[in-house]
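The sequence shown begins at 1 in this note's numbering and counts up by one. Take a look at the structure below.
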Amino acid sequence: AALFAAAALTADGLAGVGALTAGATVSTQFGAAPPAAAADNGLALTPQMGFNNWNSTHCRADFDEAMVEGIADLFVSRGLEAAGYTYVNLDDCWALPQRDTRGDLVADPVRFPHGIKAVADYVHAKGLKFGLYSSAGTKTCDSNGFPGGLGHERQDAELWASWGVDYLKYDNCNNTGTDTRVRYQAMADALKATGRPILYSVCEWGSTQPWTWAPALGNSWRTTGDIGDSWSSMIGIVHQNQALAGYARPGAWNDPDMLEVGNGGMTDTEYRTHFSLWSEMAAPLLIGSDLRGASAATLAILKNTDVIAVDQDPLGRQGTVVSSGGGLVVMSKPLADGSRAVTLTDENASAGTVATTAAEIGLDGASSYTVKDLWSKAVSASTGPIAAVVPAHGTVMLRVTPNRVTGPDAAARRAG
């Protein structure tokens, strides 16, 4: 008989791990669609981690030099750098609406009185990397109409390299109908010509299936439109991004957009699901909340090193959906050490039991399994189905490791 031990919810809404039972026979294929050759810049061998201000500030006045340098300070003082966060990135509205007489971009002197290079130097002095934003069009996306990079690719790339830029998010607004691949290729060539390693984030919104062509140009590509700070927006993006697992690999990642964790539109349970699923999908982890006011719960989510390790696993595989009946979704992600990261997600408005088996997640044939809950930290050893009671909109995230029989016992089993 199957041993089933669904865990009760704890006071903070986390669910523990159900025990495993033996006897499962269903297997799962983790086949990958053949992607184009990855951009040869040696960057993002694991998904990029860092900060981008847009989700928390948009173009408001509080996006300025003090904020950016304050985030860099917090990366170090609050342990985010130690957890793997590296890039401090500026989004739209950093520049003046007009180029100078040479055609160069100019930093807004009110927001950035010391200029962009000084901010980049400050970030670099903290042991971090610095990112900037533009658009593959005549203007950027904000209604103020800041200059875009179309037709200025080489000039802009050389300027950014001289400032010490390590990362470019390249948006898709005001593109004049020019061929998408031509626009993004032009900037890829310009970045490469600088000789400076600059991570290239293609922000094309998934309009022309960039997963089929962007791996040859950049390190990540947006698969959807912009995320909003709500459950419906976040989980809708998950559904779109899940289908593209075969295109992700080291140096080239599906990007379901920046994190909303801590911005206030979802519960902490929903934010744990958000962070769990982004990590399960090997997505870039770019903090989108103003960390200067972050709660303890927000920091605990963003600094969960067990979950981050899944995102950053060097095998570089995106998790795939194993089952999804009735809004109860199981995903499995192969890891470099032979284990699997598993998410049990309840997309419904009430708690439910989410279950799978070792075979379904791709781990058939072991004598037993060690299961670690990456949120509650509970560890169990079992031999059968995996199950947990999961709160509404919650996720239990597990690392399931096969315990292989070795030595004389293993030989006896093979002989038997």
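Think of the CB as a built atom: it goes at the ideal place given N, C-alpha and C, for glycine as much as any other residue.
Sequence-distant residues of the same chain with beta carbon closer than 6 Å to residue i, five excluded per side
i, result
"L163", "The displayed chain sequence assigns Trp, not Leu, to residue 163. Excluding sequence neighbours, W163 sits near I116, K117, A120."
"G137", "G148, L150, C173, N174, N175"
"T178", "none"
"G433", "Because the chain in this structure spans residues 1 to 416, residue 433 falls outside the shown range and cannot be described."
"A193", "none"
"D268", "A297"
"V321", "Q242, M331"
"V238", "L277"
"S324", "none"
Interface flag, residue i vs chain D, CB-CB below 8 Å
i, result
"D257", "Structure shown: chain D not included; a single protein chain is present."
Coil, strand or helix - residue i by DSSP
i, result
"I361", "coil"
"D226", "coil"
"G31", "Caution applies to G31, whose pLDDT of 40 falls short of 50 and renders its modelled position unreliable; the value that the coordinates give is listed next. Correct three-state label for G31: coil."
"A388", "strand"
"I325", "The question names Ile, but residue 325 in the sequence shown is Gly. If DSSP states are grouped into helix, strand and coil, G325 belongs with the helices."
"F275", "helix"
"R249", "strand"
"T46", "coil"
"M397", "strand"
"L14", "In this predicted model, L14 has a pLDDT of only 32, less than 50, meaning its place in the structure is not dependable enough to derive any value."
"K117", "helix"
"W160", "helix"
"T25", "Residue confidence is low: T25 scores 26 on pLDDT, short of 50, so the model does not pin down where it sits. Its coordinate-derived value is still stated next. Looking at T25 - three-state DSSP - the assignment turns out to be coil, as it is neither helix nor strand."
"W211", "helix"
"G293", "helix"
"N418", "Nothing about residue 418 can be reported from this structure: the residues present for the chain run from 1 to 416 only."
"V123", "helix"
"S56", "helix"
"T356", "strand"
"A72", "helix"
"A61", "coil"
"A39", "coil"
"A66", "helix"
"A282", "coil"
"T101", "coil"
"T269", "helix"
"E153", "helix"
For residue j and residue i, believed in contact at Cβ under 8 Å, the rounded distance
i, j, result
"V343", "E280", "Here residue 343 is Thr; the residue named in the question, Val, does not match the sequence. Contact flag correct, Cβ pair sits at about 5 Å."
"N403", "S367", "6 Å"
"G288", "N89", "So it is not a contact: roughly 10 Å between Cβ atoms."
"Q155", "G195", "Not really, about 16 Å apart at Cβ, beyond 8 Å."
"W211", "L244", "5 Å"
"L191", "A157", "5 Å"
"L74", "L302", "No, L74 and L302 are not in contact; Cβ-Cβ is about 11 Å, not under 8 Å."
"P424", "S233", "The displayed coordinates of the chain run from 1 to 416. Any statement about residue 424 would go beyond what the structure contains."
"W253", "A44", "7 Å"
"V396", "D364", "No, V396 and D364 are not in contact; Cβ-Cβ is about 21 Å, not under 8 Å."
"A82", "L128", "Rounded, the Cβ-Cβ distance is 12 Å, inconsistent with contact."
"R217", "Y167", "What sits at residue 217 in the sequence shown is Leu, not Arg. Not a contact, Cβ separation roughly 15 Å."
8 Å CB neighbourhood of residue i in its chain, flanking five on each side removed
i, result
"N144", "C59, C93, P97"
"L286", "Q48, M49, G50, F51, N52, Y87, N89, M258, L259"
"Q312", "T46, P47, M49, G84"
"D229", "N55, E260, N263, G264, G265, M266"
"H114", "E65"
"H124", "F130, G164"
"I308", "M49, A83, G84, S279, L285"
Cβ neighbours of residue i in the same chain (closer than 7 Å, five flanking residues each side left out)
i, result
"V26", "Any reading at V26 is ruled out, since the residue's pLDDT is 26, under 50, leaving its predicted position unreliable."
"W231", "M266, E270, H393"
"S494", "Because the chain here runs from 1 to 416, residue 494 falls outside it and cannot be looked at."
"G352", "L328, D346, V390"
"T101", "none"
"C141", "D92, S135, D171, C173"
"R181", "W213"
"P35", "Model confidence at P35 stands at a pLDDT of 46, short of 50, so the residue's coordinates are unreliable; what they give is reported in the following sentence. So the qualifying residues of the chain are P215, Y247, R249, A252."
"T428", "Because the chain in this structure spans residues 1 to 416, residue 428 falls outside the shown range and cannot be described."
"A105", "It should be noted that the sequence gives Leu, not Ala, for residue 105. Cβ within range, chain order: A95, R99, P147, D156, L159."
"T401", "S339, Y369, T370"
Beta-bridge partners of residue i, as assigned by DSSP
i, result
"Y369", "S382, P402"
"R78", "R78 is not bridged to any residue."
"L128", "Bridge partners of L128: none, in fact."
"I235", "None, per the DSSP bridge assignment."
"W220", "The residue asked about is misnamed: residue 220 is Ser in this sequence, not Trp. For S220, which the question treats as bridged, DSSP gives the partners S201, W253."
"P147", "K139"
"F51", "V88, I287"
"S134", "Y170"
"A95", "A107"
Going along the chain, which unbroken runs of the beta strand (DSSP E) with 3 or more residues stay wholly within the segment 162–195? Counting whole runs of 3 or more residues, the segment 162–195 contains the beta strand (DSSP E) stretches 167–171.
Every unbroken beta strand (DSSP E) within the segment 300–353, with a cutoff of 3 residues, ordered by chain: 320–323, 328–334, 340–346
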